[in-house]
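What follows is a set of notes on a single structure, which appears directly below.
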Amino acid sequence: MTETIFNYDEISDTLYISFAPGETGTGVEINENLLLRINKAERRAIGLSIFNYSLLA
Amino acid sequence: MIRVRPTLVQTTSLSLNIEITSLLSGIQGRLTASARSSTIGSASSVAKGRHMDSGVLWAVNDRYGNEIHPTRERWQHITEPTNHPDMAGHMAELQSTIRRGVRRQDLLNPQKYQYRRAFEHLNDDNTHIVAVVLFRFREDAQGRPVPNNYIVTGYLKEIG
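Sequence lines, in order, name chains A and B.
Read in order, the letters of the first sequence are residues 40 to 96 in this note's numbering.
Read in order, the letters of the second sequence are residues 89 to 248 in this note's numbering.
Right, dumping it as structure tokens:
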């Protein structure tokens, strides 16, 4: 398993957490500020995006 | 500190075996110094007005008459391997989402809007494209404020 990468973008105020950089998948909105990206076939999380991160943290 | 109950994940159609609560609780401490320094650099670029005035890829009007654009830097940002690489190859759909999609104002940031539109040909069971747009202003050559509305990020998602 590759190392988890944390990448905060101030312009969009988004924290991207990547468990599998470069891998494409299906986006599932957990709520209005959390997007979970998954590999459905393997039932595996590949990324998590937290919107409005500075307001939530 | 963000607290997300694991039950939220369990209510999705997939019972993913992940523990989001513990993941999020450790985020603050694990943001690296390099990530923070790169953020500071981005902020100063925006403050000086260089960033959003250059590299505009295209500009279209939404259904409400607002002109909106992405920049080359934002498109590269969106499609980076660590961000939303699923968006690569969907530039035309992103533009269509702005032109024809429905929008919703962000609950936490009133200057931010999400545009959403359904597409039938997206990969990995995704059904919609979402574009996140900031509504801002900049100064024109005479120092007057003019709209500066730009896409800051975008992603694919599945509904239904």
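We put the beta carbon where it would ideally sit given N, CA and C, even for glycine.
Small disclaimer: the values here were computed from a predicted structure and weren't measured.
In three-state terms, what does DSSP make of residue i?
i      : result
D228/B : coil
Y92/A  : helix
A219/B : strand
L210/B : coil
E181/B : helix
Are residue i and residue j touching if we call contact CB-CB under 8 Å?
i      : j      : result
Y243/B : R162/B : no
N171/B : N78/A  : no
D87/B  : T65/A  : This structure cannot settle anything about residue 87/B, because the visible part of chain B is limited to 89 through 248.
R191/B : D150/B : yes
L95/A  : A84/A  : no
L222/B : V240/B : yes
N197/B : E246/B : no
T63/A  : D228/B : no
I44/A  : P60/A  : yes
L182/B : T159/B : no
What does DSSP give as the partner residue(s) for residue i in the beta ladder?
i      : result
D48/A  : T53/A
Q193/B : Y201/B
P233/B : E227/B
R188/B : According to DSSP, R188/B bridges with nothing at all.
T65/A  : I77/A
A84/A  : I77/A
E155/B : N149/B
T241/B : V220/B
List, in order along the chain, the chain B residues whose C-beta lies closer than 7 Å to that of residue i?
i     : result
T53/A : T241
Y81/A : According to the sequence as given, residue 81/A is Glu; it is not Tyr. None at all; the shortest Cβ gap to chain B is about 11 Å.
E68/A : K245
E71/A : L195
Excluding the five sequence neighbours on either side, which residues of its own chain have a C-beta within less than 7 Å of the C-beta of residue i, listed in chain order?
i     : result
S93/A : D52
N72/A : I89, F90, N91 and L95
Kindly list, in the order they appear in chain A, the residues whose Cβ is closer than 7 Å to that of residue i.
i      : result
P169/B : P60 and G61
H165/B : D48
Can you list, in chain order, the residues of its chain with a C-beta nearer than 6 Å to that of residue i? Leave out the 5 residues immediately preceding and following it.
i      : result
R224/B : N236
V220/B : Q202, V240 and T241
Quick one: list the residues of chain A neighbouring residue i, beta-carbon separation under 9 Å, in chain order.
i      : result
V190/B : Near V190/B there are no residues of chain A at all, since even the closest Cβ is about 15 Å away, more than 9 Å.
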